[in-house]
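Peer 1: Submitted below is the structure of interest, expressed as structure tokens.
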Amino acid sequence: MDTTQTPTNSTALVHENVHGTADETNKLTLWERFSFGTAHCVTNLLLRVVGLSGLYRFGRLFGTIEWLINYKRRRRFRRALQRVLNRRPSASDRRRETREFFCRTRCDKLFYLIIDCLPHDKIASLLNVENHELLASSLEGGRGVYLAMSHHGPHHVMGALLVASGYKTAAVRDRNEGGIRRYVQGRIDRKHSASHRMRVIFADAYPREIYRCFREGYILGSAMDISRVRNPNQQVEEVTIFGEKRAFLSGPLKIAARSRTPVLQAFIKAESHFRYTLSIVEQLIQPAAIKGDEDAIIRNAMQTYATNVEKQLQATPSLLARI
């Protein structure tokens, strides 16, 4: 696919943050190193024996077995599915979406676990950007792009794919990252050169890091649909979603508006055989249109964002992550 950045020769994703080094960020316990290291060795062996397509089929089989035996998680997903659809789903719909949820999440984890073992060109070939023209034209202004994401889909996988495809990429993330992310990041940092970096800005860092990313032309993404406000200093906007009022993060959106950075909403779609699509839905804020009441523009953009999240999940319930 065509990109607006110059492709690099490394898939390395190195964290740059104002509160510590990559080594500090990626510290693991002895148990984490052992368990993830064992899983990585087994998965890499499967990759060498059956190839990427065979590994994908194994992931689907593994996910199906989990779906059959993990009744507690099945029940949680069923409750979340009913809440999203705002109706009682049929038995066939429930089985189909629940099984797809288990298979998708298992395949995402398998792919991310061995992403450091894949050639650069192979990783880049697995990414498709839907509505790529809008992303390319938005980057032409030289002020970067803010991708308004949601907590649905494998963000770390998408970050790796974007970096491998040559995009200058940054992300705003919670400091309390999961063990698998820290393990894989540590492997990538050790294995590859740091000629290209994905910046990870922790949510409790200073806003100037986000301003800097926009000035330097980065694609910066973060999820605004938080489940609770952890920090009283976080800026939020109340929206209506699934028939209830929720407070979503508005801080990065306001920074983008003040930086005259285009704001695009996007979703991550997992396709078959470890192919992923970054679906650009629409432009929430156009820099040229920011005139007059900035707060009203932000409110409208936030409600449009929430409505799009609702539509996306109702159309593809297996994308649900928080159950």
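Numbering follows the working numbering, with no gaps: position 272 of the sequence shown is 403.
Cβ coordinates follow ideal geometry from the N, Cα and C atoms, glycine included.
Specify, as a first and last residue, the run of the alpha helix (DSSP H) that V440 falls within.
Peer 2: That run of the alpha helix (DSSP H) goes E425 to A446.
Peer 1: Looking at A295 and the ligand GDP, is the gap between the Cβ and the nearest heavy atom below 7 Å?
Peer 2: Looking for the ligand GDP in the displayed structure turns up nothing, as the structure carries no ligands at all.
Peer 1: Rounded to whole angstroms, what is the Cα-Cα separation between T457 and G310?
Peer 2: No information on residue 457 is available, as it lies outside the stretch 132 to 454 that the chain covers here.
Peer 1: Can you name the start and end residues of the beta strand (DSSP E) that F379 belongs to?
Peer 2: Where F379 is concerned, the enclosing beta strand (DSSP E) stretches over E375 to L380.
Peer 1: Excluding five sequence neighbours on each side, which residues of the same chain lie with their C-beta closer than 6 Å to the C-beta of H283?
Peer 2: Correct list, in chain order: L450 and A452.
Peer 1: With a threshold of 7 Å on Cβ separation, who are the neighbours of V360 within its own chain once the five nearest residues in sequence on each side are excluded?
Peer 2: Excluding sequence neighbours, V360 sits near V367 and A378.
Peer 1: Throw me the rounded Cβ distance for the A301 and H251 pair, which I believe falls under 8 Å.
Peer 2: In fact, because the Cβ distance is near 20 Å, the residues do not count as touching under 8 Å.
Peer 1: Looking only at DSSP bridge pairs, what is K322 linked to?
Peer 2: None; K322 has no bridge partner.
Peer 1: What are the start and end residues of the alpha helix (DSSP H) that includes V360?
Peer 2: Segment: none, V360 is in no alpha helix (DSSP H) and carries neither H nor E.
Peer 1: Could you check where the beta strand (DSSP E) with I245 kicks off and where it finishes?
Peer 2: No beta strand (DSSP E) holds I245; DSSP gives it neither H nor E.
Peer 1: Out of curiosity, what's the CA-to-CA distance linking I246 and K442?
Peer 2: Using only the alpha carbons, I get a separation of about 31 Å.
Peer 1: According to the Cβ coordinates, are A170 and L249 closer than 8 Å?
Peer 2: It is not a contact, given that the beta carbons lie outside the stated cut-off.
Peer 1: If I measure Cβ to Cβ from E375 and keep anything under 7 Å in the same chain, skipping five residues before and after, which residues do I get?
Peer 2: Hits under 7 Å: none found.
Peer 1: Of the choices I372, L186, V331 and A388, whose alpha-carbon is the least far from that of R527?
Peer 2: For the chain, the structure presents residues 132 to 454; residue 527 sits outside this window and is missing.
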